[in-house]
Structures are given as C-alpha cells and as structure tokens.
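To start, the structure itself, in structure tokens.
Number of protein chains: 2
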Amino acid sequence: MSDSDKVWTAGMLVIGDEILSGRTADKNIAQVASWLQVQGIRLTEVRVVSDDMDAIANAVLALRDAYDYVFTTGGIGPTHDDITVDAVANALGVEVVIHPEARAMLEAYYADKPGGLTEARLRMARVPEGAELIPNRMSGAPGIRHGSIHLMAGVPHITAQMLDALTGTLEGGAPLLSETVGCWSPESEIADILREVEAAHEDCQIGSYPFFREGRIGANFVIRSTSKDVLASAVDTLCEALGEEGFDFTPGGI
Amino acid sequence: MSDSDKVWTAGMLVIGDEILSGRTADKNIAQVASWLQVQGIRLTEVRVVSDDMDAIANAVLALRDAYDYVFTTGGIGPTHDDITVDAVANALGVEVVIHPEARAMLEAYYADKPGGLTEARLRMARVPEGAELIPNRMSGAPGIRHGSIHLMAGVPHITAQMLDALTGTLEGGAPLLSETVGCWSPESEIADILREVEAAHEDCQIGSYPFFREGRIGANFVIRSTSKDVLASAVDTLCEALGEEGFDFTPGGI
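If you read the sequences in order, they're chains A and H.
Sequence positions in the first sequence follow this note's numbering and run 998 to 1251.
Sequence positions in the second sequence follow this note's numbering and run 998 to 1251.
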C-alpha cells in the first residue's frame, strides 16, 4: 500500500453527564463528523462517557491507540466538573501545567470583564504538559492539542471556532467522494439492486436512508468511494437499474 | 451493598455510516438517554460504529460485559447494509433464524401493500436464535431482545415506539432525582461554590451548563442524587450560597 492509499482515521470522545442523562442533545458528533469528512479523514468510532476521570482516560487511550486522530468535546470549562484536562494528563502520564500563552489570552479577554481573571477562569489555561493551543476567537479559552489528541469545547458554537482554526492543518488522506440518488419508493423494494451495484464495484459503499415526505415514502441512496471513476460508474449503474424498474429517481437527492 | 443499592447501568450502541459521515445527526442518543433516566437505569457509555460486522460485534460484547443492559439503534431494516442482526448473532455464537411471530407480523402488515412480503422485507423477521420481539405498532417490523441486548430501529420515531413498548418492563434501580437551579452569572464566578456544595453532599452530582439568553450570560446547575433528602439539602445549600453572593437565581431553571 503506497502512502497515498492510506485511509486516515479518527475517533471521537464526547464527554459529559448531561448527554448521558438526556438533558442535552449532542450536536458535536454531527459537526465533527461533517468537518472530518471534508478534511478527508474518516471518523470511525465515537464514544460518549460521563465526567469521570477513569472513564475519560480509558476511552482516550483506546481511541488514540486505534486511530490516527482523536477529538474530544466537553469538560474544558472553568467549573469543578470540567476534568478533561486532568483525565487526559493522567492517561498520558504527564503533569498539568498553566500554558503561558493561554494565560495571556484569558488575561486579555477578561481584562475588561467583571471579576477579571479569577482562579476558576484560570483553570481554562491548564493543559497537559507538552500541549499546543487551538485558537478560539469566540470566548478566549483555547482548545488543546497534545500529539494526535485534540481537546475541544462542549458548547457547539465554540467547538465550531476551534474546528475552523484546525481546517487544513491536519495531514489527511484521500477525500471520500459521494453522490446521492433518490427514489420515491420503499427501500425494501430496491434492496436487491443496491446489493448488486455495491458488489459490482470495489471500493464503493452504498447507504440507504428511507424518508417520509409530503405524505410519500421514499429513500435516498448515498454512494461513496475514494475513486471518482468508481463513483461515477456505480451512480450510472444504479440510475439505470432504478430507471428500468420505472422509479422516479431524483439525482442530487436531499 | 443490599439489592436496593444496586445502580442499574446501560450501554448504548448507535450503528450507521450515516452518523459517522455527518450526513445524519443522531437523535437516538438523547431519546434513549431520557427514556433510561425515567426507567431508573443509568446510561453510562455510548458508542457509535459503522455498518461493519466486526465493529458492531466487538462493541456489543464490550458493552454487554460492562453494563446490565445494552441498547442498539440502526441496521435492522430490509437493505443489504442492515447487518446488525448478523453481527450480533456472530458475536453471541448463535444462528440467525426467521422468527415465526415476526414473519406473521410482517405478513399482516404487507398483506395489502404493493409487492407484499418480499424476500427483502422478510429480512426484517431475522433474529439471533433465542431472541424475543419488541413490538412496534408503527411499521410492523419489530425490535429484538436477546438476553440483555435490545436491538432497535435507526429511524427515531420507530425507536420511540419500541421504547414505549419496553416502558416498565425492565428491572431497574432507584430513579436518579434531579433539580435545576439557575443564575444570571458566568459559571466561572460560581465554580468554587459548586465544588463546595458537591463535596459536602455524598451521593450528589452537580452539573454546570452555561447559556447565552436575551443577550445575557447565565448558567443552570443540575443537582442529581438518588436520595430525596440529599438532593433537597444540596439544593438548599446552593440556593443559600448563591443568594448570599447576591445572584438572581431562578429555581426551576430552563
């Protein structure tokens, strides 16, 4: 396998009791997943764990050992239940230190705010020793990168700022190309066609996503491949097969 | 520890390439988490994996060994990429069989629909040998229970039907009680108070959730405990501490 064939992979860890209790609906999985797709990195596994030192540490190590990159969200704020930095430092066997650049960012941000840079707020400058910062224009408090591990905020619009800062900075693989073909028919009627088209094309995956819209049943088929030619051939074959069956398919889909 | 002290736990597995690619935002984690909370069962870990036999099998076994219950969503439909039943049967070392009751349900459901019960649709009657069904009034295709493992649909409103059918049928522990206290102040100013209140109350967790609303910064604090008395004491202590600090707190919160 040449270097250019390498599929770069990522694992993601969502940290927070509020997700596991159902109080907060996670929005970071979809956000990080879409962003990684565009970077040409394949998100292969996600885990969600509670605000627990051992649970965080064990999951970070498992994901780090299995994938090229790890992205975590949650637990890097100023309160006592924000323990991601401590858990990751524990897992890596390094100390927690105040990052001088992060302290400077927070001092600047809180200079004109009531209370200034309190001890609690200074917690947000704590990093596992050896870490670099991920900038965040939104609230001053930066994300943290340590080797392949990226620690980001739990609040989705702050995570978005951190992802934006990381865009184009990661070594990635070939982008996974995709096209969508839709049809107004239950997916159960198309199952055999999908299986045949996928089997006839190596390096090609077809996902089937039923929907109910305007009172009608339909399905979208997402064809994915890292090869433009394979993708085009699979799309053509599928469209032809659907057309012969008399379905009103909609290239482009939702 | 007496039987009544046992904390019943669950792990959840979300199955589907569409979640990991970012194409579909998962809605089942929040739904299953909220439902488990009400059942008195603590959701302790969630994993998301792709439509891959080994990934599904490994995750199901890891979660089954770690928690009292396992709930999966996704991959039990009629198409070739729906492989959850096969992966779980593989993991458990049992055969895949057609469940006669599931076949009867599907025959009844498709009796008056175009195409009838096709081979593809009959796939939805396949279960790991030894499984029971979880009824689903919505689309005929049932969920599947095998021991502690519950296989449910990926489409959220169908999953909701299956959860509804399971309500009250699981052996559970003491419900986790919670109250919310809110204040119009950055959480970073309250961090010390939260830490002290939590430390003073055993069997009590406080989560801190910042918000931006009506142009102002605030935070809600969710106090959780399985003991009504501990919860009441923690809420009182926190309200008193916030009150002395001069914050305008809002019992009941968002």
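Note that beta-carbon positions come from the ideal geometry of N, C-alpha and C, so glycine has one too.
Owing to the predicted nature of the structure, the values given are computational and were not obtained by experimental measurement.
Are any of the Cβ atoms in chain H nearer than 8 Å to that of residue i?
| i | result |
| --- | --- |
| G1212 of chain A | no |
| E1015 of chain A | yes |
| D1078 of chain A | yes |
| Y1206 of chain A | yes |
| S1047 of chain A | yes |
| L1158 of chain A | One point to set straight first is that residue 1158 of chain A is Gln, not Leu, in the sequence displayed. No, Q1158 of chain A lies away from the interface with chain H (no Cβ there is under 8 Å from its Cβ). |
| I1026 of chain A | yes |
| Q1034 of chain A | yes |
| L1191 of chain A | yes |
| I1203 of chain A | yes |
| E1195 of chain A | yes |
So, helix, strand or coil for residue i, using DSSP?
| i | result |
| --- | --- |
| T1234 of chain A | helix |
| D1009 of chain H | Looking at the sequence provided, one finds Met at residue 1009 of chain H rather than Asp. Of the three classes helix, strand and coil, the one that applies to M1009 of chain H here is strand, per DSSP. |
| E1176 of chain H | strand |
| E1129 of chain A | strand |
| Y1106 of chain A | helix |
| I1080 of chain H | coil |
| A1138 of chain A | coil |
| A1216 of chain H | strand |
| F1246 of chain H | Bear in mind that a pLDDT of 44 at F1246 of chain H, under 50, signals an unreliable position, so the number given afterwards is only what the model happens to contain. Strand, per DSSP. |
| S1031 of chain A | helix |
| S1182 of chain A | coil |
| R1221 of chain A | strand |
Roughly how far, in whole angstroms, is the beta-carbon of residue i from the beta-carbon of residue j, given that I think they are within contact range, below 8 Å?
| i | j | result |
| --- | --- | --- |
| R1118 of chain H | L1103 of chain H | 6 Å |
| A1101 of chain H | L1058 of chain H | Wrong, their Cβ atoms sit about 31 Å apart, outside the cutoff. |
| P1075 of chain H | M1135 of chain H | With a Cβ gap of about 15 Å, P1075 of chain H and M1135 of chain H do not count as contacting. |
| G1090 of chain A | I1012 of chain A | G1090 of chain A to I1012 of chain A, Cβ: 20 Å. No contact. |
| H1077 of chain A | R1192 of chain H | 4 Å |
| V1045 of chain H | V1043 of chain A | 4 Å |
| A1084 of chain H | I1053 of chain H | 4 Å |
| E1129 of chain H | R1142 of chain H | 5 Å |
| T1156 of chain H | Q1028 of chain H | 6 Å |
| I1026 of chain A | D1023 of chain H | 6 Å |
If you measure from the beta carbon of residue i to each beta carbon in chain A, is any gap under 8 Å?
| i | result |
| --- | --- |
| P1075 of chain H | yes |
| P1172 of chain H | no |
| R1123 of chain H | no |
| G1169 of chain H | no |
| G1250 of chain H | Because G1250 of chain H carries a pLDDT of 37, less than 50, the predicted location of this residue cannot be relied on, and no value is offered for it. |
| L1040 of chain H | yes |
| F1246 of chain H | Bear in mind that the predicted position of F1246 of chain H carries a pLDDT of just 44, short of 50, making it too unreliable to give a figure here. |
| T1021 of chain H | yes |
| T1115 of chain H | yes |
| S1018 of chain H | yes |
| A1231 of chain H | no |
| S1031 of chain H | yes |
| V1043 of chain H | yes |
| R1142 of chain H | no |
Start and end of the beta strand (DSSP E) containing residue i?
| i | result |
| --- | --- |
| I1203 of chain H | 1202-1210 |
| M1159 of chain A | Premise fails: M1159 of chain A lies in the alpha helix (DSSP H), 1153-1163, not in any beta strand (DSSP E). |
| L1040 of chain H | 1039-1046 |
| L1148 of chain A | 1146-1149 |
| V1093 of chain A | 1093-1095 |
Under the criterion of a Cβ to heavy atom distance below 7 Å, does residue i qualify as lining the ligand NAD?
| i | result |
| --- | --- |
| V1035 of chain A | Absence of the ligand NAD from the depicted structure is noted, as is the absence of any ligand whatsoever, leaving it without description. |
From which residue to which residue does the alpha helix (DSSP H) around residue i run?
| i | result |
| --- | --- |
| V1067 of chain H | First-last for V1067 of chain H: 1066-1070, but that is the beta strand (DSSP E), not the alpha helix (DSSP H). |
| L1114 of chain A | No alpha helix (DSSP H) contains L1114 of chain A, which DSSP labels as neither H nor E. |
| M1121 of chain H | Taken as a continuous stretch (DSSP letters only), M1121 of chain H belongs to no alpha helix (DSSP H), as it is neither H nor E. |
| R1192 of chain H | 1188-1197 |
| V1057 of chain A | 1050-1063 |
| E1015 of chain H | 1014-1017 |
Report the neighbours of residue i on chain D: residues whose CB is nearer than 9 Å to its CB, in chain order.
| i | result |
| --- | --- |
| G1112 of chain A | No chain D appears in this structure, whose protein chains are A and H. |
- Message: With three or more C-beta pairs closer than 8 Å as the rule, is the segment 1167-1187 of chain A touching the segment 1207-1225 of chain A?
- Response: yes
- On the three-pair Cβ rule with 8 Å, is the segment 1007-1019 of chain A touching the segment 1054-1069 of chain A? yes
- Task: Indicate whether the contact test is met: 3 or more Cβ pairs, each with one atom in the segment 1038-1054 of chain H and one in the segment 1160-1172 of chain A, closer than 8 Å.
- Result: no
- Query: Counting pairs of beta carbons, one from the segment 1138-1156 of chain A and one from the segment 1206-1213 of chain A, are three or more of them closer than 8 Å?
  - Reply: no
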